[in-house]
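3 is the number of the first residue of the sequence shown in the numbering used here; add one for each residue after it.
Here a beta-carbon is modelled for each residue, glycine too, at the ideal position from N, C-alpha and C.
Working notes, structure below.
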Amino acid sequence: MRHRDLKERLAENEAHRRSLEEKHQHAREALDHYRQAVKDQRDQDQRRHEQQLQQLQAELRQAQQTIVVKQEEVTRLNQEGARLVAELSHTRQALQQAQEFSRRQGQQLEALQSIEQRNGALAVQLADKDAHAQALQEQLAVAQTGSLSTQVRELELALVQAQAKCEAQQGIVAELRTYLQPAAG
């Protein structure tokens, strides 16, 4: 009887031990499973974090490139603006010069019209004076006709005398040259 009780107790203890081992095994497997799940979750979080970091770095590079492009565009626009301001200044100067030239041309045109009017009046006066001078010349010619022939004869005589003097002087010069040439030789 006692032996049987002992066997039963041993069997119960063995069953209890096996139950504890199974529970311990289940607990260890659950712990391993939990650890693996935590590791998988951590690895997944790490990969997701790295992907997000890479994505953010790519977005940052793209933003930096966009900033560089925008800065270049701003620089180009500033240069273009400066060029347009300079062109506008030159255009204004040219416009002012053209307006000043036009004003002077208008003044010169007015002066020219005034001069043309004066020239017209002077031309009329000159024609009158020419007609008067022509009449006086005709009167003078009539008055001098008588004494003109006498003056012509006197001038012809003076011309003959001057030619004779000139020929005499030329002869003297020729003799002097002839005289001076041997001395020079």
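Using three-state DSSP, classify ALA170 as helix, strand or coil.
helix
* When you compare only the Cα positions, how much space is there between GLU156 and ALA123? -> 45 angstroms
inquiry  = Please return the same chain residues whose Cβ sits closer than 6 angstroms to the Cβ of GLN109, not counting the five positions on each side in sequence.
reply    = none
inquiry  = Taking the straight line between their C-alpha atoms, what separation do you get for LEU128 and ALA137?
reply    = 14 angstroms
What's the call for ALA186, buried or exposed, on a 16-neighbour Cβ count within 10 Å? The predicted model places ALA186 with a pLDDT of 49, which falls under 50 and marks its position as unreliable, so this point remains unresolved.
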